[in-house]
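**Q** Per my numbering, the very first residue in the sequence shown carries number 685; after that it's consecutive. Built from N, CA and C at the ideal position, the CB exists for glycine as well.
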Amino acid sequence: MTGSFALTLVALRRDRGQLLLWALGLLVAALICAVNIAGGFGEESQRLAALAVAVDSPALLIGRGLPMGTSEGAFLFYTYGVVFATVFALFATVFAVRHGRTEEEDGTRELMRAAVTGRLANVIAVFAAGAIATAGLAAAMVVGLVVGGGDPVGSVWAGLTCTLVGVVFLAAGTLCSQFAPTSRGAIGLGTALILLFFVLRVVADVAADIDALTFVGTPVVLGWLSPFSLAGIADPYGSVDPRPLLLLACAATLGAAGAVAVERGREFGASLLPARPGPVHAAPSLRTPLRLTLRLHRGTLLAMMCAGAGVGAFAAVLTVFAVAGDEQNDAVGQTIRELVGRDGPLYDLLLSYVMVLVGECAAIAGALVILRARREEAAGNVELVRGTAAGPGRWFSSVLAVGAGSILLVLTTAWLGATTVYVAQGRNAEAIWQVLAATVAQLPATALYLGVIAITFAVVPRLTSGIAWTILVLGVVLAELGGRLGLPDWAIAISPFVHTPLVTTADPDWSGAVWMTVVAVVTIALAVVAYRRRDLSP
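Have a look at this one:
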């Protein structure tokens, strides 16, 4: 443990800027959420009506949590608790990988080990720094909730719950760093774990028994296996249940103990999953920039295609559940129409609206291609490629072609996923063609993201990653949560996904698709011209 304290301070100092941004973001988000609940659902009758809709249509529980009562605090955590817990899980996973496998890859860990430090000093420092950072973010969230009108005691319990969720995934992220040979692989494993536990939560919440009078959910056994479900079961704004909190603490302790045990027997830079050696000579199929770019992005593309198929199937199931709920309770249809902001047949409205999830997935797939190109340039690999007959314009055009192809393939697999669900339910061909139209309608927004990120890479390459993820996260949050957060229309309109036409409705608005397509074409063309004129930027 020698040197653990010093390494903990180093890790916190390195990330102080990012931690400040995370804390401010969580504080503002928590404040907006609390104010929205206090303003929009301040009366118990309003909360009762909203919870009644959720009971009649379990599909609405997918993006929320398990109801644990009708109080304002309970409704606040039911609505946003899962979102906050997921944010903490993502932060902790990225933090663990950044200070684990990533530091081993870039040589930072080797420099630290050259100092007077023990064998376990680094992994202990990761846990200590990660726990401190997670607790700091939780404190910022608590401040936002309290300032927004949330119950102070319940807000503190909510912060503690999210902290424990984050510490669980901090241990999981450390284990992923030890298991995977690369930081990208570790991030992929960590993300897969988050998705797995999120799906377990969804299944558990949908299967839970919710009392029609008190609106208190009784979790099923499956709910005790997911940290996200445990966060809701803890009921921080009600009669706090210590069992989920103890279970989260035990899971984090076991994960940390496992990571320490692995670290004792692991050689520096080694992984439980050995890296696969590559061939000595490149295959003839890699002789062009296009083929090389496609080969480098092959694994990520396959993963995004699988994600697209899953999102498409999820969107189809969500639509079917919501329409079924509308047949049982008219309030379900009214709630969905208010969410979409249009009037018309519920199925047509909801299908176009939920397929925006597919567009978001495709936009991320296109962005990942350009982000990989930036990493290749920073590592010096692009210099080797441009030293051949491939010029800068040809290489960058290949990157954009693979990005566009990734978008198309993800949209295609999403359509196939939704179609599979519809075929299994015996729906007719018209429904399948409607899904195809709603999928194709996502192209303008995804192309716009590709163009904006491409011109960022061409003009200010060192800011590519930060700007890309900022606009992606902002667009997704505004499109999915803007209405629930009570944000003004002009703020929600910043997201390109909001301007996607609802093509399955009687009178779709095509203006958004037109201007997004024009801007996408212009930005992509300008990006190619700008990249041909700039030097390599390591």
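(1) Report yes if the CB atom of Gly850 is closer than 8 Å to the CB atom of Thr818, and no otherwise.
(2) Answer with buried or exposed for Ala945, where buried requires no fewer than 16 other C-beta atoms within 10 angstroms of its C-beta.
(3) Are the beta-carbon atoms belonging to Pro1180 and Met1200 less than 8 Å from one another?
(4) Once you ignore the five residues that flank Ile1048 on each side, which residues in its own chain have a CB closer than 8 Å to its CB?
(5) For Ile871, does the three-state DSSP call read helix, strand or coil?
(6) Alpha carbon to alpha carbon, what distance is there between Ala935 and Ala812?
(7) Determine whether the beta carbon atoms of Ile1137 and Ala1051 lie at a separation below 8 Å.
(8) In the DSSP output, what is Thr902 paired with across the bridge?
(9) Excluding the 5 residues flanking Glu663 on each side, which residues of the same chain have their C-beta closer than 8 Å to its C-beta?
(10) According to the Cβ coordinates, are Ala1142 and Ala1211 closer than 8 Å?
(11) To the nearest whole angstrom, what separates the beta carbons of Ala1177 and Ala1131, a pair I think is in contact under 8 Å?
(12) Count the other CB atoms within 10 Å of the CB of Val810; is the residue buried (16 or more) or exposed (fewer)?
(13) Could you spell out the range, first to last residue, of the alpha helix (DSSP H) harbouring Glu951?
(14) Could you work out which residue in Trp1117, Arg950, Val778, Cys1045 is closest to Leu1095 when comparing CA atoms only?
(15) Who are the near neighbours of Leu880 in its chain, counting only those whose CB is closer than 6 Å to its CB and skipping five residues on each side?
(16) Between which two residues does the alpha helix (DSSP H) harbouring Ser688 extend?
(17) Provide the residue(s) that pair with Met988 in DSSP beta bridges, ordered along the chain.
(18) Less than 8 Å between the C-beta atoms of Leu1093 and Leu985, yes or no?
(19) Quick check: what's the CA-CA separation for Thr1154 versus Leu897?
(20) Between Gly1087 and Leu1134, is the Cβ-Cβ spacing less than 8 Å?
(21) Which first and last residues belong to the alpha helix (DSSP H) in which Pro1128 is found?
(22) Give the secondary structure of Met1039 by DSSP, where H, G and I count as helix, E and B as strand, and everything else as coil.
(23) Leaving out five residues before and five after Asp1219 in sequence, what residues of the same chain have Cβ atoms less than 8 Å from its Cβ?
(24) Please say whether Leu932 and Val852 have beta carbons closer to each other than 8 Å?
(25) Suppose the cutoff is 7 Å on Cβ atoms and the five residues either side in sequence are ignored; what does the same chain contact list for Arg1216 look like?
(26) Hey, quick one: how far does the alpha helix (DSSP H) through Ile808 stretch, first residue to last?
(27) What does Met752 pair with, by DSSP beta-bridge criteria?
(28) Could you work out which residue in Gly1159, Leu711, Ala805 is closest to Phe952 when comparing CA atoms only?
(29) Let me check understanding here. Comparing Cα to Cα, which of Gly942, Val900, Cys846, Ile808 lies closest to Pro751?
(30) Judging by CA-CA distance, which residue of Gly872, Val1066, Phe912, Val995 is the nearest neighbour of Leu976?
(31) Between the segment 1180-1190 and the segment 1097-1116, are three or more C-beta pairs nearer than 8 Å?
(32) From what residue to what residue does the alpha helix (DSSP H) around Glu1067 run?
(33) With C-beta atoms as the reference, is Gly996 less than 8 Å away from Gly916?
(34) Please state whether DSSP places Asn1013 in a helix, a strand or coil.
(35) Applying the criterion that 16 or more other CB atoms from any shown protein chain within 10 Å of the CB defines a buried residue, is Phe689 buried or exposed?
(36) Do Leu829 and Gly942 have their C-beta atoms within less than 8 Å of each other?
**A** To lay it out plainly:
(1) yes
(2) exposed
(3) yes
(4) Met988, Leu1156
(5) helix
(6) 16 Å
(7) yes
(8) Asp893
(9) The structure shown does not extend to residue 663, since the chain is modelled only from 685 through 1222, so no value can be given for it.
(10) yes
(11) Incorrect: roughly 18 Å between the Cβ atoms, too far for contact.
(12) buried
(13) Where Glu951 is concerned, there is no enclosing alpha helix (DSSP H), given that its DSSP letter is neither H nor E.
(14) Cys1045
(15) none
(16) 688-698
(17) According to DSSP, which records beta bridges pairwise, Met988 is partnered with nothing at all.
(18) yes
(19) 42 Å
(20) yes
(21) 1127-1143
(22) coil
(23) none
(24) yes
(25) Pro1076, Gly1077
(26) 805-831
(27) Val900
(28) Ala805
(29) Val900
(30) Val1066
(31) no
(32) 1065-1070
(33) no
(34) Residue confidence for Asn1013 is low, a pLDDT of 49 falling below 50, so the modelled location carries little weight and cannot support an answer.
(35) exposed
(36) no
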